[in-house]
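Engineer: Mind looking over this structure? Questions follow.
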């Protein structure tokens, strides 16, 4: 009478030769946590896009405020105009620029988190 397959025993004498992932998919978060080259690339890309956003805001700000001394020098008798431009005319564009910067930076971070989170 042949042996029953359910009574058969298997003996393992060494460690497994292949390590397999417990999860069946790729996780970028572990790459970042373990500071691998790929994780470094992910973080560097986030930093690069945040820097690009900051430099864009700085360029717009420089173009907005940079020529003002030349404008004020061209009209030396317009003291009230200077205060009106600096006090009221410049404030709304600065607020809009700041709002744009914050929204853009938060969107960049959300996109990065969406990339890193489990899919």
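Residue numbers (the numbering used here): 61 to 179. Glycine residues also receive a C-beta, built at the ideal position from the N, C-alpha and C atoms.
Alpha carbon to alpha carbon, how far is residue 184 from residue 140?
Structural biologist: With the chain running from 61 to 179 in the structure shown, residue 184 is simply not present.
Engineer: Mapping the DSSP letters down to three states, classify residue 155 as helix, strand or coil.
Structural biologist: Residue mapping note: residue 155 aligns to position 95 of the chain shown, counting from 1. If DSSP states are grouped into helix, strand and coil, residue 155 belongs with the helices.
Engineer: Can residue 158 and residue 113 be called in contact, C-beta distance under 7 Å?
Structural biologist: As a working mapping, residue 158 is identified with position 98 in the chain shown. As a working mapping, residue 113 is identified with position 53 in the chain shown. No. Outside cutoff.
Engineer: In whole angstroms, what separates the C-alpha of residue 49 from that of residue 154?
Structural biologist: The structure shown does not extend to residue 49, since the chain is modelled only from 61 through 179, so no value can be given for it.
Engineer: Give the straight-line distance between the Cα atoms of residue 115 and residue 135, rounded to the nearest whole angstrom.
Structural biologist: Numbered from its first residue, the chain shown carries residue 115 at position 55. Numbered from its first residue, the chain shown carries residue 135 at position 75. Cα to Cα, residue 115 sits roughly 31 Å from residue 135.
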